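Residue numbering for the sequence shown is -18 to -1, 1 to 114, as defined by mature numbering (1 follows the signal peptide of the UniProt record, and there is no 0). Idealized CB from N, CA, C, for every residue including glycine. The structure presented is a predicted model; accordingly, all values stated were derived computationally and were not measured.
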Amino acid sequence: MKTTFAVIISVLTASISAAPLEARQSNQVTLALSNDQSGAYAGVAFAADGTDKSIKALYGGTSVGASGSVLASSAQLASFPQTIHCVIKNNGAVIANLDAQHTFADLDGNPASATPVNLDHEPSIFTRDYGR
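(1) Confirm, please, whether the CB-CB distance from residue 66 to residue 87 is below 9 Å.
(2) In angstroms, rounded to a whole number, what distance separates the CA positions of residue 59 and residue 50?
(3) Evaluate residue 41 with the Cβ neighbour count: other Cβ atoms within 10 Å of its Cβ, from every protein chain shown; 16 or more gives buried, anything less gives exposed.
(4) Please give the ranges of any beta strand (DSSP E) in the stretch 51 to 82, keeping only runs that are unbroken, at least 3 residues long and fully inside the region.
(5) State the start and end residues of the unbroken alpha helix (DSSP H) segment that holds residue 40.
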């Protein structure tokens, strides 16, 4: 039994390490939205595939969307590839640009306040991994 287990482990290890590097790399990003007035926080993982994603669809069922509207005062990249670029729009206007060097954004545009922004009005997140 011990020999069989050792053989199975070595075969699994060899097959995992033989996978191409591109298949093992993920272009997933986790973006966290915070409402600094209510204390609500939600991190959501999604593909950095170069498509617009609805903030309401991603965060509507989380604590920042608990009131029926997605209300957030800041955004932060929590997990991401080093070549990521993330754009958050609200009503068609860019309210945040995030990348590996700038991982935090104040969404209301005033760093002296923590006013939540309603992200229900056709907001979107566009995220692309430029390393792929």
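Based on what the coordinates show:
(1) no
(2) 24 Å
(3) buried
(4) 56 to 61, 66 to 72, 75 to 81
(5) 37 to 41
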